[in-house]
Amino acid sequence: MASTKANSLADHRRVGTPSAGGEGDGHVASPPPPPPSQTTLADNILFYQPASAANSTSKVNLAPSDDAPALVVLCTWLGGDTHRRIARYVAGYQQLWPRVAVLVVRTVLADMSVRPFAALRARLAPARDAISRVLSDAAGSGKGLLLHAFSNGGASVAVQLARSLGQSPPSILDGHLRLVVLDCCPGDGSFQQTYHAALKSLPPRMPLRAVGMAAVFGMVAVVTGLQAAGVMGFVQQIRRHLNDASVVPAGADRLYLFSRADSLVGAADVLQHAREATRGLAGKAEVGGVIFEKAEHCALPREDANRYWNAIKDAWGGKVSSMPLGAPERASKL
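Next comes the structure, spelled out in structure tokens:
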């Protein structure tokens, strides 16, 4: 996995027929496939047992791979990660690798605002236990762990999960974490990004939404002010920890998936983080990415599902897509 890195990241293209877009970020047409065997380990922590390839109803043209992870961990985004959308990502992974287990950790507003990091790590205890159990069962098999974080919220949860797994060195991630997928993240933590991301967690109907918008505005304003004053460094800490070998093992490859049309997380912010990772991981791991043109935030498969999933499959196999490290042609709206 560790290999000599190129100093520049090329745009990844794969031949394939894009599947129909579904609701939100779905990669298959509605209705989505029913979720495989699902166990609720705790509030917002779900474990999906492997599904049979014969039961897959996905319309994405992908050939299953024998080199499967022992476990895929999805740290989802704030607000928009409905069970319907999560099921589509689980289905996508279990079409790539029919025997893979998937652990889902959903991000809630408290994780990004009022919950202290120590409390967040305590919330993640069932996820830590599941990861330890699966990796222990897979010991000696050569299989590893794939960590997929969505947006700043998912990246924050992923960082705290990694930190908690490393509380008693050596971290169980050492030698097991092979690939980190950063999906529409990390951003810069501006007021606009945080506020609009938080709005996705509110109920759609008035008057509850109006009350919630006012409350969220005040809370995000306080959090943003504390960050600006140096009291809190939420997103900047995330960006730093993702490239910190004491948190995320340096031997894990990185794959950035993002869009020039993302109005919540700017492509320039993601590219800057990729540049930093490229410098820090030179000779230790591969860093690459795929830039989409039209997809909305955390909805990349809607633009080209085959390209999205093939990039993940290839990166797991050691062929991390490369991309130019220059500034994006179009800046995000924020």
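Sequential numbering of the sequence shown, starting at 1, is according to UniProt numbering. Yeah, the Cβ is synthetic: ideal placement off N, Cα and C, and Gly gets one too.
Item: In this structure, what does DSSP give as the bridge partners for residue 38?; Value: 48
Item: Contact between the region 140–148 and the region 69–77 is defined here as three or more beta-carbon pairs at a separation below 8 Å; is this criterion met?; Value: yes
Item: For the alpha helix (DSSP H) containing residue 154, list its first residue and its last residue.; Value: 151–165
Item: Between residue 108 and residue 44, how many whole angstroms is the CB-CB distance? I'm expecting something under 8 Å.; Value: 6 Å
Item: Report the three-state DSSP secondary structure of residue 235 (helix, strand or coil).; Value: helix
Item: On the DSSP bridge list, what partners appear for residue 172?; Value: Its beta-bridge partners do not exist; DSSP assigns none.
Item: Need the endpoints of the alpha helix (DSSP H) that residue 127 sits in, please.; Value: 125–137
Item: Kindly indicate which three-state DSSP category residue 104 falls into: helix, strand or coil?; Value: strand
Item: In angstroms, rounded to a whole number, what distance separates the CA positions of residue 158 and residue 75?; Value: 6 Å
Item: Alpha carbons only, please: which of 269, 264, 135, 180 is nearest the one belonging to residue 242?; Value: 180
Item: Rounding to the nearest angstrom, what Cα-Cα distance links residue 49 and residue 287 in this structure?; Value: 30 Å
Item: Can you find the residues in the same chain that come closer than 7 Å, C-beta to C-beta, to residue 261, ignoring five residues on each side of it along the sequence?; Value: 293, 294, 295, 296
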